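Heads up, the thing below is written out as structure tokens.
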Amino acid sequence: MDPISFALALAQIPAIFTSCVDCYQYIQFGREFERDFGLTLCKLEASALRLTRWGTAMGIDGPDSQLRADRYGEEEIKSAYHWLQQIRLAFDTAREASARLEKAAAKQEKSRVLDTNTELVNAGDSLKALQSTMRRIIDGRLKPRKRDRVTWALYGRTNYENLVEKISELVNNLVELFPSMAPAEGLLCRNEVEEMSLDSLKLFENIIDEKDKVLKNIYQIELERRIIRVGEVQATDDFMCHIGDNVEFANQASSIDIKAINASGRAILHIDICHEARTVAFESGRIFEDEKARRFDFSNYTIHDGWLDTLRDSVHLNWKPFVDIEWGHYDMGDPVRSLLAHAVHTKSQQASLMLGFLQSMQSRQNPDEPHDHYRWTRSELADLMRTKDSWTVVVLEPVIVHTDVVTACELFGVLGDARVQIIHVDEEARLRTFLEFEKNPDVTFGAGFAPEDLVAAKNKLRAAVEAIFGSEEQAPIMRPAVMFRLCVRFMECK
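For the sequence shown, the numbering used here gives the first residue as 734, with consecutive numbering after it.
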């Protein structure tokens, strides 16, 4: 890493960041890129878009800069300076390689440089509009300076691919270096895709960097948001109608929203987007049917036709059996077996429960004897829990986070729709990110916790484990965790 002082790195980051963004303006393309010029240029612009997104989230070019000595450590600042230096070096390396290739191309009379404006017209309206939108966003984030350097042409497809890949890797390093900026970057991503036309948006999928996961998620959500809205439909007699896009693939289709349909006679009304759209949706999610949900005595206590996203969801038992219901008996079900049955359908297979659930066994006078108000004896519960190698245990009362959906995006899902987050205590960086979220002026935490509260809770978990299993060695792994619950309106959580 470059031998530079903390203060000097802090002072020079804005200038080198601006220099990196300026480098994109001086690039032209050799004749070998003529066939797919529009796509080639747009991928490079997407690279600049991501770099300026990071810089804007950090406030590098404005009065709200987050690059302050009191906010980040010395190593973070030095690393940011280093990665920006490497981005600038990547451009210089590509230029030097192109200079060598240009000499070889000149001998073969293949050194002609493509005219950007002409080639964009030839690329078609959609790609031209996409490039124009991205360039407008980039220039809006960082006002372009007067050009004071000579333009140069990229020769060699390998040279181009190496440049794009290297910048992608380095920008990814910058993004991961400052995880607390994720919510701001998510909001900027949303603004980017909202500015694009539907045609441009459909092409955008082909140029998004695979490492840019936040943008990829928001891009998919924006596609789904472009809805075909239909009011009340009256279909009678021999009326025939198709509502929806006549397309083959999901990324070409819009969603459909119909308020009401009234059909009679021999009317045919075909409502569809495409076969692939359904296939994609059901690859990671499905309606989870509970057989007991249809029984009358369970109908008010179960979720009907719940959607389970097997890739992203985990399963939690939010129950402490200190006071049990009077009208039922445990022959009707087993909450731990139900938890295990649901968890096995998820990719993570994570099953979590409350510390109070385990502590309830400590309060029993005769835990080894059956009791009407307890589903298991101590040994029965221990044997059941040993069927799983590890458990997540929420050891503190949930931390309620009051804020709006826009502010909560990323930490609580891309659109703030994953409103319960369970963070393992040993995930120190992620837990710290959630706790630092309280510093946001638009965020209010409910009752929080101090470090000593967490230490005490771990001791309570250890005592509960010993009470049930005899010792920690005889128990499955118990991972202590903290639950954060998003509340977008104060009254919802009261």
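Backbone N, C-alpha and C define an ideal beta-carbon position, used for all residues, glycine too.
All values reported here derive from a predicted model rather than from experimental measurement.
Taking the alpha-carbon positions, what's the residue i to residue j distance?
| i | j | result |
| --- | --- | --- |
| Gln818 | Gly1149 | 35 Å |
| Val846 | Lys836 | 13 Å |
| Phe739 | Pro1209 | 46 Å |
| Ala790 | Cys1142 | 14 Å |
| Phe766 | Glu894 | 12 Å |
| Ala1115 | Pro1068 | 14 Å |
| Ser901 | Asp942 | 7 Å |
| Gln1083 | Leu1164 | 18 Å |
| Asp769 | Phe937 | 15 Å |
| Asp1105 | Arg1045 | 37 Å |
| Ala744 | Gly1089 | 51 Å |
| Thr1177 | Asp848 | 54 Å |
| Val908 | Val1153 | 24 Å |
| Pro1184 | His1157 | 14 Å |
| Met1211 | Ala1180 | 24 Å |
Does the Cβ-Cβ distance between residue i and residue j come in under 8 Å?
| i | j | result |
| --- | --- | --- |
| Val904 | Arg783 | yes |
| Leu1189 | Met1094 | In the sequence under discussion, the amino acid at residue 1189 is Ala, which differs from the Leu named in the question. It is not a contact, given that the beta carbons lie outside the stated cut-off. |
| Thr773 | Phe762 | yes |
| Ala827 | Leu887 | yes |
| Met1228 | Ala779 | No answer is possible for residue 1228: the residues shown for the chain start at 734 and end at 1227. |
| Ala781 | Tyr757 | yes |
| Glu918 | Trp816 | no |
| Ala813 | Ile746 | yes |
| Phe1217 | Val1132 | yes |
Specify the secondary structure class of residue i as computed by DSSP and reduced to three states.
| i | result |
| --- | --- |
| His819 | Looking at the sequence provided, one finds Gln at residue 819 rather than His. Note: Gln819 maps to helix in three-state DSSP. |
| Met1211 | strand |
| Ser933 | helix |
| Gln761 | strand |
| Cys1220 | strand |
| Ile793 | coil |
| Ser738 | coil |
| Gly1149 | coil |
| Tyr1107 | strand |
| Glu1143 | strand |
| Asp1137 | coil |
| Trp1124 | strand |
| Phe1178 | strand |
| Asp1042 | strand |
Is the shortest distance between the beta-carbon of residue i and the beta-carbons of chain B less than 8 Å?
| i | result |
| --- | --- |
| Ala790 | No chain B appears in the structure shown, which is made up of a single protein chain. |
For residue i, does the count of other Cβ atoms within 10 angstroms reach 16, so buried, or fall short, so exposed?
| i | result |
| --- | --- |
| Gly771 | buried |
| Val1215 | buried |
| Lys876 | exposed |
| Gly889 | buried |
| Glu829 | exposed |
| His1078 | exposed |
| Asp1175 | exposed |
| Ser1081 | exposed |
| Pro1213 | buried |
| Leu931 | exposed |
| Val754 | buried |
Exercise. Ignoring anything shorter than 3 residues or poking outside the segment 867 to 919, list the beta strand (DSSP E) runs there in chain order.
Key: 885 to 887
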